[in-house]
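**Q** One structure coming up, written as structure tokens, with questions to follow.
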Amino acid sequence: MTVRINGTDHDRDPRPGQCLRTFLREQGCFGVKKGCDTGDCGACTVHVDGVPVHSCVYPAFRARGRQVTTIEGLAAPDGLHPVQQRFLDAQGFQCGFCTAGMIMTTAALDDEKLADLPRALKGNLCRCTGYRAIADAIHGAGGVGEPRAGEAVGASTGAPAGPEVVTGTARYTFDLDVPGLLHLKVLRSPHAHARILGIDTAEALAVPGVRAVLTHADAPARLFSTARHENPGEDPADTRVLDDVVRHVGQRVAAVVAETEGAAEEGCRRLRVTYEVLPAVLDPFEALRPGAPLVHGDKGAAGNVAGELHAELGSVADGFAAADVVHEETFRTPRVQHASLETHGAIGWFDERGRLTLRSSTQTPFLTRRALADLYDLPLSEVRVLTGRVGGGFGGKQEMLVEDLVALAVRRTGAPVKLEYTRAEQFTSATTRHPFTVRIRAGARRDGTLTALELHVVTDTGAYGNHGPSVMYHGCHESIAVYRCPAKKVDAYAVYTHTVPSGAFRGYGLGQVSFAVESMLDELARRLGLDPVVLRERNVVCPGEPLAAPGDHADDLLIGSYGLDQCLDVMREAAAAPPGPAAPPGWLVGDGMAIAMIAAGPPGGHLADAAVTLLSDGRYEVAVGTAEFGNGSTTVHTQITADALGTTPDRIVVRQSDTDLVGHDTGAFASTGVVVAGHAVLRAATALRARILALTGGVTLTADAVELPGGALLTLKDLAASSGAPILARGEWTGTPRSVAFNAQWFRIAVDPATGELRILRSVHSADAGRVMNPLQCRGQVEGGVAQALGSALTERMVIDGHGAVTTTGFRQYHLPAFADVPRTEVVFARTEDTIGPLGAKSMSESPYNPVAPALANALRDATGIRFTELPFTPDRIWQRLQG
Amino acid sequence: MDLHTVVEVVSPARVGDWRPGDAWLAGGTALFGAPPAGVTRLLDLGAAGWTPLTPGDDGLEIAATCTVAELAGFTGTAAHTAFHGLAVACCHAFLASFKIWNVATVGGNLCAALPAGPMIALTAALDGWCRILGPAGERRVPVVEFVTGDGTTVLRDGEVLRSVTLPAEALTGLTAYRRGSLFPHGRSAVLLAGRVPAGGGLVLTVTAATPRPHQLRFPAAPGPAELRAAILDAVGDGWFDDVHGLPAWRRHLTLRYAEEIRAELAR
Numbered sequence: 001m002t003v004r005i006n007g008t009d010h011d012r013d014p015r016p017g018q019c020l021r022t023f024l025r026e027q028g029c030f031g032v033k034k035g036c037d038t039g040d041c042g043a044c045t046v047h048v049d050g051v052p053v054h055s056c057v058y059p060a061f062r063a064r065g066r067q068v069t070t071i072e073g074l075a076a077p078d079g080l081h082p083v084q085q086r087f088l089d090a091q092g093f094q095c096g097f098c099t100a101g102m103i104m105t106t107a108a109l110d111d112e113k114l115a116d117l118p119r120a121l122k123g124n125l126c127r128c129t130g131y132r133a134i135a136d137a138i139h140g141a142g143g144v145g146e147p148r149a150g151e152a153v154g155a156s157t158g159a160p161a162g163p164e165v166v167t168g169t170a171r172y173t174f175d176l177d178v179p180g181l182l183h184l185k186v187l188r189s190p191h192a193h194a195r196i197l198g199i200d201t202a203e204a205l206a207v208p209g210v211r212a213v214l215t216h217a218d219a220p221a222r223l224f225s226t227a228r229h230e231n232p233g234e235d236p237a238d239t240r241v242l243d244d245v246v247r248h249v250g251q252r253v254a255a256v257v258a259e260t261e262g263a264a265e266e267g268c269r270r271l272r273v274t275y276e277v278l279p280a281v282l283d284p285f286e287a288l289r290p291g292a293p294l295v296h297g298d299k300g301a302a303g304n305v306a307g308e309l310h311a312e313l314g315s316v317a318d319g320f321a322a323a324d325v326v327h328e329e330t331f332r333t334p335r336v337q338h339a340s341l342e343t344h345g346a347i348g349w350f351d352e353r354g355r356l357t358l359r360s361s362t363q364t365p366f367l368t369r370r371a372l373a374d375l376y377d378l379p380l381s382e383v384r385v386l387t388g389r390v391g392g393g394f395g396g397k398q399e400m401l402v403e404d405l406v407a408l409a410v411r412r413t414g415a416p417v418k419l420e421y422t423r424a425e426q427f428t429s430a431t432t433r434h435p436f437t438v439r440i441r442a443g444a445r446r447d448g449t450l451t452a453l454e455l456h457v458v459t460d461t462g463a464y465g466n467h468g469p470s471v472m473y474h475g476c477h478e479s480i481a482v483y484r485c486p487a488k489k490v491d492a493y494a495v496y497t498h499t500v501p502s503g504a505f506r507g508y509g510l511g512q513v514s515f516a517v518e519s520m521l522d523e524l525a526r527r528l529g530l531d532p533v534v535l536r537e538r539n540v541v542c543p544g545e546p547l548a549a550p551g552d553h554a555d556d557l558l559i560g561s562y563g564l565d566q567c568l569d570v571m572r573e574a575a576a577a578p579p580g581p582a583a584p585p586g587w588l589v590g591d592g593m594a595i596a597m598i599a600a601g602p603p604g605g606h607l608a609d610a611a612v613t614l615l616s617d618g619r620y621e622v623a624v625g626t627a628e629f630g631n632g633s634t635t636v637h638t639q640i641t642a643d644a645l646g647t648t649p650d651r652i653v654v655r656q657s658d659t660d661l662v663g664h665d666t667g668a669f670a671s672t673g674v675v676v677a678g679h680a681v682l683r684a685a686t687a688l689r690a691r692i693l694a695l696t697g698g699v700t701l702t703a704d705a706v707e708l709p710g711g712a713l714l715t716l717k718d719l720a721a722s723s724g725a726p727i728l729a730r731g732e733w734t735g736t737p738r739s740v741a742f743n744a745q746w747f748r749i750a751v752d753p754a755t756g757e758l759r760i761l762r763s764v765h766s767a768d769a770g771r772v773m774n775p776l777q778c779r780g781q782v783e784g785g786v787a788q789a790l791g792s793a794l795t796e797r798m799v800i801d802g803h804g805a806v807t808t809t810g811f812r813q814y815h816l817p818a819f820a821d822v823p824r825t826e827v828v829f830a831r832t833e834d835t836i837g838p839l840g841a842k843s844m845s846e847s848p849y850n851p852v853a854p855a856l857a858n859a860l861r862d863a864t865g866i867r868f869t870e871l872p873f874t875p876d877r878i879w880q881r882l883q884g
Numbered sequence: 001m002d003l004h005t006v007v008e009v010v011s012p013a014r015v016g017d018w019r020p021g022d023a024w025l026a027g028g029t030a031l032f033g034a035p036p037a038g039v040t041r042l043l044d045l046g047a048a049g050w051t052p053l054t055p056g057d058d059g060l061e062i063a064a065t066c067t068v069a070e071l072a073g074f075t076g077t078a079a080h081t082a083f084h085g086l087a088v089a090c091c092h093a094f095l096a097s098f099k100i101w102n103v104a105t106v107g108g109n110l111c112a113a114l115p116a117g118p119m120i121a122l123t124a125a126l127d128g129w130c131r132i133l134g135p136a137g138e139r140r141v142p143v144v145e146f147v148t149g150d151g152t153t154v155l156r157d158g159e160v161l162r163s164v165t166l167p168a169e170a171l172t173g174l175t176a177y178r179r180g181s182l183f184p185h186g187r188s189a190v191l192l193a194g195r196v197p198a199g200g201g202l203v204l205t206v207t208a209a210t211p212r213p214h215q216l217r218f219p220a221a222p223g224p225a226e227l228r229a230a231i232l233d234a235v236g237d238g239w240f241d242d243v244h245g246l247p248a249w250r251r252h253l254t255l256r257y258a259e260e261i262r263a264e265l266a267r
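Going line by line, the protein sequences match chains A and B.
Going by the UniProt record's numbering, the letters in the first sequence line up with residues 1 to 884, in that order.
Going by the UniProt record's numbering, the letters in the second sequence line up with residues 1 to 267, in that order.
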């Protein structure tokens, strides 16, 4: 009996316990994705005999004798299925990892289900878009435009990968067939803190198909940090590939490499590990106490502080003395997970000339290459790191979480090796957003002028210090530098505990501190009887003023353009507008707003190289290091290049995120895809234009030709053919100086006092992104940031039990915002042109996230009279507070 | 996900095939989504060809392998007002989407025995009883007693749930339903169903807020105080505590929704 897949019979029998998802992928249907593997996210949706199912929980043997349709077989041979076309026209995706499942689900909706999308789509999770673009796609509302030559910047051009994304042919990290591939599985620690006394590998090695077992005895002694920064000194080197001490539940103990995943798992089960269980500390305040168990005591650490900042600008004592009102409050944010739908993972191999090669789901291929070379004493030329399309990042992939181990396994076995995280491993053994506790004291005069701001900040960096000090520093910078208060003081600690490590996460600490600062300013406004917008206007920095925060911060941050005044105007107009939809009777209604500022790029340098080459067919090729994971920088790079060369985006080909392509690229993090890599692309494209004109004596470039004096045209194809050497130009950008971007969020909410339910009646977001390079895409970034922040503010919370184990290990326990949970947000862009960013643009990827939680908290305060200080605001907690 | 420890599928499986390491396989959504450790064989019930829904004079028999989609689409006997009132609402109470309904089964939901299992709420509220087949023969257990706690049932090794029968007398009459969740289409934190039996009174079934279902039967329509006291007496401090809602909130919503149901059915 055979399975008929997309009209073709397949004779291979599935394995007894195989799910349909992996069976289909083994038959080459790589459009069928693994998001959760538990039936919750819908990325694996296919049709069996025309009925939509989640193929990850569908027994493969039951497909025998049936017809299976995947995204690859949805359309008729002559084009796109109408739903695919709509997702393309509305750009109903960002990273695109969920898109095949969204399309397969939408294609199966009848009119009744189409009329109730919140219910119909509860089995389809998207982490990037915030669902507005998906709703538009389903309703057939387009949005993508096709600009004329030289007019791409500022137009809503579609993502170059769009056609591949909607047809399931975009190739993500694991979407390739590697002959002879071995699979790596990791045995993980059941203890929060233990010394490994011994690992008996005999039984594991005896499992048929097991090729190697790796333990701390096989790992380099060298310490490194999983965090990736241009300057490796930013993060404490406290991590080993495999350690003889485990410092959190879920840490690597040993790895088994085998011919099948099943054999590797069986090998893990047969490892016999002897532990000496050691005392553990799970709370950062406990960890700061004298005598607390030391997380890195074996390395001679005297305490559990990974980084600290103690600094004062002016005198807060004087400031509080001069204040008419002083208020103090403590705010807490929980651990949350990035939940990119593509999990962490990499495939490694030796290429034909023996070079270690890793294809990884990473935001930092070049920095990961550098780390691997350091770790294994290899020259950079002996390591190549590249990515496919990456299925979401959000900061979680600014780490080396798998490549070090895959490299070890490749070097040991000589064979290609894959490590693909399970969804549960994403929660127990990747990184999280840093939990912060912020005690804030603020003083102001009667007119609202701030006199003093004092912050005491404790962040939980978990078992390792990756990003710990930097997140702490960054968190305490723009969040308060946006206010020109004469006295500011910060005491901050990044603290080790025996828990899953924290790491880089969208906003990089700002969201946590802004939650406290913006809540506090709202509280001051209330106590002074002032409009919260007016209070902001009296205190925010203005153009030309310094951006000051206590401590040694890089001095290359400038206000390259200023749209915060416009953002605040939008907040005022939102509050003054007619109330809009009414709340149900008896519900409490309130408004709230908050602002945020973010640096366009990290301090200390962020480098990008780019090259633009004239191809033999007359198109141009951009080579750039930056990865594409839904951030949309590829689209903008295409637009920039098209305009610089006077052509259309469809004549631009982008090759990216491969260490073979360009000299260096720090990576796609810290909101740099447009302002750093884009700058390098602009310089390369501009230089190529000059070079072509110089070579030909041309007057200008048309879409496909050089216009010569007198008006004759030399086609680019002919020019390329006539040139002996490739015609190319390079550009670079070092990421300094840096400008700042602004955001403001306003909500009107209603709360049911009887149940604690919170409904958002209206959501308005204003963003100062400088010149908006691609309105559709930039709006999508804002909407996605707001949606992810609504997750942190309303639904998401990782729970760690009394033994240090994460108990929320799947999407059933950890609730990502679904279609029903995300309201439509009105997005208004300020009209500014930046003097630093390329073509006047600024960053707009992390920052929309940051003002959302405090704006909601302030609306809750307005509605209920209660100051909520701990995220997330779930109905049970709201109800409990309302009981007094 | 792939169940790498499984080496064989027995299809169709029969009672008596079971041995340690075996798992009964209905739709597979629970088994493949959250597999128990060490399963070596799957005993396939899907191939048995059981009729999903069998209406008869004595009630409605729902095969364990009846899918949620089949149940939701069943328009059966018009007189079964109580069933139709509750069935679709309970299907919508699934955290899982309509795509899962196409595969997941009523029996699977009962056997998974999660506090939020909406098929438990439905069949318990309608006085369903379970037909259990085992090596030692057949036995019958009321649904309210079938689930014994969070993830636990009365099933013994080798036993399989064959069907749930909803007796005819429970299929007619008025019902009311309330559900509470932290999120608009999230997992149920409180799921209550009320029913007025033929002779009057009230049957109230409390699920999701407690690790196992509780059923309160009042021969005559209770007043608010009587209802409240009966719930508090039945549940005691057994309010379920997990990430889907604080116990105090679940207790509050249960009492509130129970009163709403009482008032609605008293009209």
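Heads up, the beta-carbon is just placed ideally off N, CA and C, and yes, glycines get one too.
The model shown is predicted, which means the values in this text are computed figures rather than measured ones.
(1) Does the structure place the segment 258-267 of chain A close enough to the segment 276-284 of chain A that three or more beta carbon pairs sit under 8 angstroms?
(2) Compare the C-beta of A:Val53 against all C-beta atoms of chain B and say whether one is closer than 9 angstroms.
(3) Do A:Asn850 and A:Asn774 have their CB atoms nearer than 9 angstroms?
(4) Looking only at its chain, what residues have a beta carbon closer than 8 angstroms to the beta carbon of A:Val295, apart from the 5 residues adjacent to it on each side?
(5) Going along the chain, which unbroken runs of the beta strand (DSSP E) with 3 or more residues stay wholly within the segment 92-135 of chain B?
(6) Rounded to whole angstroms, what's the CA-CA distance from A:Pro118 to B:Ala72? Just pull it up for me.
(7) In whole angstroms, what separates the C-alpha of A:Thr167 from that of A:Gly143?
(8) Find the residues of chain A that neighbour B:Ser188, judging by a C-beta separation of less than 7 angstroms, and give them in chain order.
(9) My output table needs one value for A:Met102: the three-state DSSP class, helix, strand or coil.
(10) Helix, strand or coil: which one does DSSP assign to A:Pro649?
(11) Can you tell me whether A:Cys542 is buried or exposed? The criterion is at least 16 other CB atoms within 10 Å of its CB, across all chains shown.
(12) Kindly indicate which three-state DSSP category A:Glu403 falls into: helix, strand or coil?
(13) Determine the contact status of A:Ser671 and A:Ser845, defining contact as a CB-CB distance below 9 angstroms.
(14) Spatial neighbours of A:Ala855 within its chain, please: CB distance less than 7 angstroms, with the 5 preceding and 5 following residues excluded, ordered by chain position.
(15) In whole angstroms, what is the alpha-carbon distance linking A:Glu732 and A:Arg771?
(16) Closest by CA to B:Asp57, which one among B:Gly38, B:Ala64, B:Thr67 and B:Ala79?
(17) Rounded to whole angstroms, what is the Cα-Cα separation between A:Ala255 and A:Val186?
(18) Could you have a look at A:Met593 and say whether DSSP puts it in helix, strand or coil?
(19) Might you give, ordered along the chain, the residues of its own chain that have their beta carbon closer than 7 angstroms to the beta carbon of B:Thr152, omitting 5 neighbours on each side?
(20) According to a CB-to-CB cut-off of less than 8 angstroms, which residues of the segment 107-129 of chain B neighbour chain A?
(21) For A:Leu713, count neighbouring Cβ atoms within 10 angstroms of its own Cβ and tell me buried if that reaches 16, exposed if not.
(22) Take the Cβ of B:His252 as the centre, count every other Cβ of all protein chains shown within 10 Å, and call the residue buried at 16 or more, exposed below.
(23) Let me know if A:Gln883 comes out buried or exposed under the rule of 16 or more other beta-carbons within 10 Å of its beta-carbon.
(24) Straight-line CA distance for A:Arg689 to A:Leu386?
(25) Answer yes or no: do A:Leu182 and A:Ala409 have a C-beta to C-beta separation smaller than 9 angstroms?
(26) Can you pull the chain B residues whose beta carbon is under 8 angstroms from the beta carbon of A:Gly262, in chain order?
(27) If we define contact as Cβ-Cβ less than 9 angstroms, is B:Leu255 a contact residue for chain A?
**A** By the coordinates alone:
(1) no
(2) On the first sequence, residue 53 of chain A is found 53 positions in, with the first residue counted as 1. Yes, because at least one Cβ of chain B sits closer than 9 angstroms to the Cβ of A:Val53.
(3) Within the first sequence, the letter at position 850 stands for residue 850 of chain A. Within the first sequence, the letter at position 774 stands for residue 774 of chain A. Cβ atoms of A:Asn850 and A:Asn774: not closer than 9 angstroms.
(4) Position 295 of the first sequence, counting from 1, holds the residue named residue 295 of chain A. Cβ within range, chain order: His193, Arg247, Val281, Ala287, Ala301, Asn304, Ala463, Tyr496, Thr497 and His498.
(5) 129-134
(6) Within the first sequence, the letter at position 118 stands for residue 118 of chain A. Within the second sequence, the letter at position 72 stands for residue 72 of chain B. Using only the alpha carbons, I get a separation of about 18 angstroms.
(7) Residue numbering aside, residue 167 of chain A sits at position 167 when the first sequence is read from its first letter. Residue numbering aside, residue 143 of chain A sits at position 143 when the first sequence is read from its first letter. Their Cα atoms are separated by approximately 19 angstroms.
(8) Walking along the second sequence from the start, residue 188 of chain B turns up at place 188. By Cβ distance, chain A contributes nothing, its closest Cβ being about 12 angstroms from B:Ser188, past 7 angstroms.
(9) Residue mapping note: residue 102 of chain A aligns to position 102 of the first sequence, counting from 1. It is helical.
(10) Here residue 649 of chain A corresponds to residue number 649 of the first sequence, with the count starting at 1. DSSP places A:Pro649 in helix when its eight states are reduced to three.
(11) Stepping through the first sequence from its first residue, residue 542 of chain A is reached at position 542. Under this definition A:Cys542 is an exposed residue.
(12) Your numbering for residue 403 of chain A matches position 403 in the first sequence. Residue state, collapsed to three classes: helix.
(13) Your numbering for residue 671 of chain A matches position 671 in the first sequence. Your numbering for residue 845 of chain A matches position 845 in the first sequence. Yes. Within cutoff.
(14) Here residue 855 of chain A is taken as the residue at index 855 of the first sequence, counted from 1. Cβ neighbours of A:Ala855 beyond the five flanking positions: Gly592, Met593, Ala594, Gln745, Trp746 and Phe747.
(15) Here the question's residue 732 of chain A lines up with position 732 in the first sequence. Here the question's residue 771 of chain A lines up with position 771 in the first sequence. Going by the C-alpha atoms only, they are around 21 angstroms apart.
(16) Here the question's residue 57 of chain B lines up with position 57 in the second sequence. Distances from the CA of B:Asp57 to each of B:Gly38, B:Ala64, B:Thr67 and B:Ala79 were compared; the closest alpha carbon is that of B:Ala79.
(17) In the first sequence, counting from the first residue as 1, residue 255 of chain A sits at position 255. In the first sequence, counting from the first residue as 1, residue 186 of chain A sits at position 186. The alpha-carbon atoms of A:Ala255 and A:Val186 are separated by roughly 4 angstroms.
(18) Translated into the one-based positions of the first sequence, residue 593 of chain A becomes position 593. Here A:Met593 sits in strand by DSSP.
(19) The residue you call residue 152 of chain B lines up with position 152 of the second sequence. So the qualifying residues of the chain are Ala113.
(20) From the segment 107-129 of chain B, no residue has a Cβ closer than 8 angstroms to chain A.
(21) As a first step, residue 713 of chain A is located in the first sequence; it is residue number 713 there, counting from the start. By the neighbour-count rule (16 or more Cβ atoms within 10 Å), A:Leu713 is not buried but exposed.
(22) Here residue 252 of chain B is taken as the residue at index 252 of the second sequence, counted from 1. Answer is buried; the Cβ neighbour count reaches 16.
(23) Your numbering for residue 883 of chain A matches position 883 in the first sequence. A:Gln883 should be labelled exposed.
(24) Within the first sequence, numbered from 1, the residue matching residue 689 of chain A stands at position 689. Within the first sequence, numbered from 1, the residue matching residue 386 of chain A stands at position 386. For the pair A:Arg689 and A:Leu386, the Cα-to-Cα distance works out to about 29 angstroms.
(25) As a first step, residue 182 of chain A must be located in the first sequence, where it is residue number 182. As a first step, residue 409 of chain A must be located in the first sequence, where it is residue number 409. Going by C-beta atoms, A:Leu182 is nearer than 9 angstroms to A:Ala409.
(26) The residue you call residue 262 of chain A lines up with position 262 of the first sequence. Under the 8 angstroms cutoff, chain B gives Asp2, His4 and Thr5.
(27) Here the question's residue 255 of chain B lines up with position 255 in the second sequence. No, B:Leu255 lies away from the interface with chain A (no Cβ there is under 9 angstroms from its Cβ).
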